[in-house]
Every structure is written in C-alpha cells, then in structure tokens.
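Its first residue numbered 0, the sequence shown is counted upward by one per residue in numbering that gives the first Met the number 0.
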Amino acid sequence: MTIWTNENIVEEYRQWVESTAGSLALQSKMRLIVDLISGWPRRGRRFLEVGCATGLMTEMFYHAGFDVTGLDCSPLMLTEAQELLGRRAEFFLGRAEHLPFDDNQFDYVGVGSVLEFVDDPEAVLAEALRVASCGVVVTVYSKWSLYYLLRNRSPSGCVEHRRWLSPFAIDKMLRELVDMGEMTRRSILLGPVSTWKETPVCGWVNSRIMPYGLGALSGICIDKNDTKMPIPLKIKKSRAKPAILNACRTNLAARNPTSTFDK
C-alpha cells in the first residue's frame, strides 16, 4: 500500500503508539506474543520480524533473548528502527510477500499486524513459513471483534487503511499451508477502542488473554516441528513474561516520559 511511502507515516505511527489507546494496544500485543512464544528456546536463535516498523516489537524480541533481524517495506520506518536498536539488530528493506532470505534461514519468524495491509496475505504467510525452520507467530486484528464493529470511532492515520480479516479466513489460509506441527491460538483486547485505557476495569478487561477471535487482536503460534521447550507453567507466567515486558516498558518510558505505556 502507498501509505508506507508517505513522509508523515512515521509521525502518524508514533502519535498512535504514544496515545492512550495505542499505548495499551502495544502493551497488549506484547503480552499476547509473549504468551504465545513462551515455550520457544531463545539464546542463539535467529528471529525475523516481518513488518518491524519503528522497531518497538523488534526490541521486545531482542530482550526476549533472540538474535533479531527486522524487515519492512518503508525506508522511513527502517531508519527509525535502526536508530532505536543500533547494532543490536540487522534490518532489511523488502516486501513481506517476497522475503529476500533463503529457506529455513531463521529459526523463528514473527508477522505482526502485516496481513491487514497487503494484497496477498496468503503469500506473506507462505513466505514466513518458508524462511522459518522452527516456528512462526502471527498477529492480526480481527473482523469478529468489537473494535471492528465500532471502527468508525477508531483513530485516523494508518489504522484506517487496514483490510479486515476474520479468524476463519486466517485459519483457512494456514491449514492450506501447514502440513504438520502444532498451532496455538489466543486473542486480547476484548473491549472497543474507547475502552483501551489504563483504568482499573478497562485495563483488566483488555489485558486478559482471551479465546481466539474474541479480542481485537488475534494471535497464532505455529510450531512447525513441535519444538517447544518444556518450561514449567509457573515460570512462564510469573517470571518470563514480566521480565520481558518490564524491560520494554522501561526503555519506552525513557524515550518518551509522557507515555502511559509503563503506567
């Protein structure tokens, strides 16, 4: 889509992330992904983030312990991501439908909120599965959610260019592409966008991990060879997630003191 060549796209994206709703959405996205990949081995594992934008999620994967690489179709976004992560990550300019990498070049691939903005989402999924030897994690905003039903009240900017997909449509694509392995599916952000704020009730409702398709943001974790690491449930819930999320909250707060991300 041509919006990614718009010179104002980085500022629009930044304004959304730093808004009350965008900050909660980013935090919830991180929480969902950390839940989905909690069993993946980290150290020495290569992770490609497709659609890395300004690198905020790439930084989270770095703090999770992966050797990270980011790819985006926007040179403007990549400039921001490179400034954020420096030598901690490699970045490439390219399209998600035609990844410039060899088969199985990475252990894991993340496709975060990309499918809604491309003409051929199935090609994006096929490419992610091609270059990942162990697993792929996908997040996509759901057509079944209250966010979609009340979308006219949503903020403007790049969000309004989203093509809405149903969890059923994503499932159908994946089942045609994945021959074997295990799929784990969840969602988050149950309420409409007007509730995406850090009040006791709204924060609790929107931070809960929900069954697949119910929340605004759906996530699917595909383990191609069932390579999950056997981590006790207590460690997953009480140690692994907060350590990663707190590191990202601290870094984002340091760059933007007015952000509500860490509140």
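Here a beta-carbon is modelled for each residue, glycine too, at the ideal position from N, C-alpha and C.
From the DSSP output, which residues share a beta bridge with residue i?
| i | result |
| --- | --- |
| HIS97 | ARG94 |
| VAL135 | VAL108, ILE221 |
| ILE187 | LEU216 |
| MET209 | SER186 |
| LEU164 | SER141 |
| GLU181 | ASP222 |
Using only the alpha-carbon positions, how far apart do residue i and residue j sit?
| i | j | result |
| --- | --- | --- |
| ILE221 | GLY38 | 12 Å |
| PRO154 | LEU25 | Caution is warranted here: a pLDDT of 49 is assigned to PRO154, below 50, making its placement in the model unreliable, and the coordinate value is therefore given only provisionally. Straight-line Cα distance between these residues: approximately 15 Å. |
| HIS62 | ARG44 | 13 Å |
| PRO210 | PRO199 | 22 Å |
| LEU149 | TRP15 | 18 Å |
| LEU31 | CYS72 | 24 Å |
| GLY134 | GLN81 | 25 Å |
| GLY214 | TRP143 | 8 Å |
| GLU115 | TRP163 | 6 Å |
| LEU232 | GLU89 | Residue confidence is low: LEU232 scores 37 on pLDDT, short of 50, so the model does not pin down where it sits. No coordinate-derived value is stated. |
| PRO166 | GLU121 | 13 Å |
| LEU92 | GLU6 | 16 Å |
| GLY180 | SER132 | 12 Å |
| SER193 | SER18 | 12 Å |
| VAL130 | VAL137 | 14 Å |
| GLU175 | ILE8 | 34 Å |
| VAL117 | ARG161 | 9 Å |
| CYS201 | ARG13 | 23 Å |
Taking residue i and residue j to be in contact with their CB atoms under 8 Å, please state how far apart those CB atoms are, rounded to whole angstroms.
| i | j | result |
| --- | --- | --- |
| SER141 | SER217 | 5 Å |
| MET182 | ILE219 | 6 Å |
| GLY50 | SER112 | 7 Å |
| ARG41 | GLY64 | 3 Å |
| ALA127 | VAL110 | 5 Å |
| GLU48 | VAL67 | 7 Å |
| MET59 | MET29 | 5 Å |
| ILE169 | VAL123 | Their Cβ separation, rounded to whole angstroms, is 11 Å, which puts ILE169 and VAL123 out of contact at 8 Å. |
Original post:
Does the segment 206-217 touch the segment 176-188, meaning 3 or more C-beta pairs lie closer than 8 Å?
Top reply: yes
**OP:** Kindly provide the ranges of any alpha helix (DSSP H) runs that are 4 or more residues long and lie completely inside the segment 38-117, ordered along the chain.
**Re:** Counting only runs of at least 4 residues, the segment 38-117 fully encloses the following alpha helix (DSSP H) elements, listed from N- to C-terminal order: 55-63, 74-84.
Original post:
Hey, is the segment 97-112 in contact with the segment 73-86, meaning 3+ C-beta pairs nearer than 8 Å?
Top reply: no
**OP:** Inspect the CB distances between the segment 8-24 and the segment 90-102 and report whether three or more fall short of 8 Å.
**Re:** no
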